[in-house]
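These notes concern the structure reproduced below.
Numbering (our numbering), first residue to last: 154 to 542.
In structure tokens:
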């Protein structure tokens with residue numbers, strides 16, 4: 154795996170703790186649907202089936218991918234696909250991404266090179282798919298010919314070294330084979346998409362535990378979220394949090410999100426933090442272009458106001474990033490400018506930031522139950538008082 158994946162941001166106070174967890178009862182419908190391979194490919198091509206951001210690492214080698222194609226052709230059942238119905242004609246892949254991408258690559262007759270997969274993941278994230286010019290670029294892909302044992306116990310393996318176009322008599326057989334798809338649809342509550350966290354973590358066979366932000370990124374794509382990705386690359390921001398590249402599990406993006414969520418909607422905050430951030434992310438889909446632009450410019454002014462702070466300025470008592478301190482500082486110094494639609498963010502001194510970190514009320518509000526309404530309000534209030542804004 155590419156070393157770039159090792160970037161990790163240690164968070165002192167995670168988004169939610171056990172005390173903030175509330176069990177919600179959901180009304181969910183599940184039903185099977187058998188699609189043939191050609192239909193599955195068409196759905197992938199037209200993005201009716203969407204691979205979420207957190208699912209975009211293709212890890213299979215050519216041998217394993219070839220075995221899947223062989224199994225489909227000769228009629229051996231393959232594991233079912235789980236899909237989450239996000240909206241009409243839009244389904245998120247919950248489990249089965251490796252199988253679906255293998256089918257897609259085989260029909261395209263291209264297989265991703267191992268050393269280019271991290272870069273391909275970035276392209277996938279930026280464009281939502283793999284463009285044809287990249288797909289046919291030999292720097293990124295090679296030809297997809299089946300890599301199977303040359304000989305079976307009693308005869309030659311006729312499928313070995315074939316590609317999609319040279320399947321001959323097996324091509325129609327391959328295209329008409331079906332795979333069972335289990336479609337999951339949430340009926341209620343209509344304003345809470347958090348069920349997908351539970352669905353993915355309970356059904357996904359990859360054994361990957363997701364952060365809420367990884368899933369949130371797929372559910373709430375918007376111009377506002379595109380802005381978050383842009384500012385997350387700013388060198389001044391990377392200096393403040395102490396890692397040069399974006400964090401694998403999007404904890405840095407969640408830090409930014411929490412700051413903006415508290416700035417815009419903190420007066421109406423109520424636990425849990427996950428639900429608060431989900432609702433804000435959903436609301437942000439309707440933000441005007443002007444509002445998103447103002448928030449981006451406001452963040453730029455905030456970074457300028459932090460120029461006298463040390464590198465890794467928001468490190469807490471355990472040598473990890475304290476997201477609660479960051480959101481309190483950001484909200485305090487940007488609040489007036491947000492309300493007035495201005496960019497007059499006052500400078501922050503090292504002495505002010507240290508005073509905030511060492512304040513007893515703030516310490517108590519960042520030790521436990523950090524997402525409780527009382528502790529959030531305490532941090533925001535004391536930050537405004539100490540930073541004199």
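Just so you know, even glycine gets a beta-carbon here, dropped at the ideal spot from N, CA and C.
Using a Cβ-Cβ cut-off of 6 Å (strictly less than) and excluding sequence neighbours within five positions of residue i, which residues of its own chain qualify?
i, result
"residue 132", "Past the edges of the chain, shown from 154 to 542, lies residue 132, and the structure says nothing about it."
"residue 454", "496, 498"
"residue 235", "247, 248, 335, 356"
"residue 187", "331, 333"
"residue 97", "The question about residue 97 has no answer, for the chain in this structure spans 154 to 542."
"residue 537", "485"
Quick check on residue i: buried or exposed, where buried means 16 or more other Cβ atoms within 10 Å of its Cβ?
i, result
"residue 535", "buried"
"residue 330", "buried"
"residue 248", "buried"
"residue 407", "buried"
"residue 400", "buried"
"residue 519", "buried"
"residue 383", "exposed"
"residue 365", "buried"
"residue 494", "exposed"
"residue 480", "buried"
"residue 488", "buried"
"residue 305", "exposed"
"residue 469", "buried"
Leaving aside the five residues before and after residue i along the sequence, list all residues of the same chain whose C-beta is less than 7 Å from its C-beta, in chain order.
i, result
"residue 278", "206, 209"
"residue 273", "265, 283, 293"
"residue 472", "none"
"residue 539", "505, 508, 509, 512"
"residue 385", "399, 405, 406, 409"
So, for residue i: in the same chain, excluding its five sequence neighbours on each side, which residues have a beta-carbon less than 8 Å away from its beta-carbon?
i, result
"residue 174", "At residue 174, the pLDDT of 47 sits below 50, so the modelled position is not reliable; the number obtained from the coordinates is stated separately. Within the same chain, residue 174 has close Cβ partners 425."
"residue 241", "none"
"residue 433", "410, 413, 414, 417, 418"
"residue 526", "422, 423, 424"
For the alpha helix (DSSP H) that contains residue i, what are its first and last residues?
i, result
"residue 423", "First-last for residue 423: undefined, no H or E at that position."
"residue 261", "250–261"
"residue 530", "526–539"
"residue 327", "323–329"
"residue 274", "270–280"
"residue 512", "Where residue 512 is concerned, there is no enclosing alpha helix (DSSP H), given that its DSSP letter is neither H nor E."
"residue 389", "388–394"
"residue 454", "442–458"
"residue 480", "476–493"
"residue 378", "376–384"
"residue 287", "285–288"
"residue 187", "Premise fails: residue 187 lies in the beta strand (DSSP E), 180–189, not in any alpha helix (DSSP H)."
"residue 220", "215–227"
"residue 407", "404–418"
Less than 9 Å between the C-beta atoms of residue i and residue j, yes or no?
i, j, result
"residue 231", "residue 332", "yes"
"residue 478", "residue 465", "no"
"residue 372", "residue 431", "yes"
"residue 215", "residue 297", "yes"
"residue 482", "residue 509", "yes"
"residue 452", "residue 393", "no"
"residue 262", "residue 198", "no"
"residue 492", "residue 341", "no"
"residue 503", "residue 450", "no"
"residue 396", "residue 182", "no"
"residue 185", "residue 250", "no"
Where does the unbroken beta strand (DSSP E) through residue i begin, and where does it stop?
i, result
"residue 522", "Element bounds for residue 522: n/a, residue is neither H nor E."
"residue 365", "It is not in any beta strand (DSSP E) - residue 365 instead sits in the alpha helix (DSSP H) that spans 365–372."
"residue 234", "234–240"
Contact between the region 190–198 and the region 251–265 is defined here as three or more beta-carbon pairs at a separation below 8 Å; is this criterion met? yes
With three or more beta-carbon pairs closer than 8 Å as the criterion, would you say the region 458–471 touches the region 409–424? no
Would you be able to state if there are at least three C-beta pairs under 8 Å between the region 280–289 and the region 312–330? no
Spell out a yes or no on whether the region 374–386 and the region 432–449 are touching, meaning 3 or more CB-CB pairs, one atom from each, closer than 8 Å. A contact exists between the region 374–386 and the region 432–449.
At least three beta-carbon pairs within less than 8 Å, the region 318–327 to the region 217–233: yes
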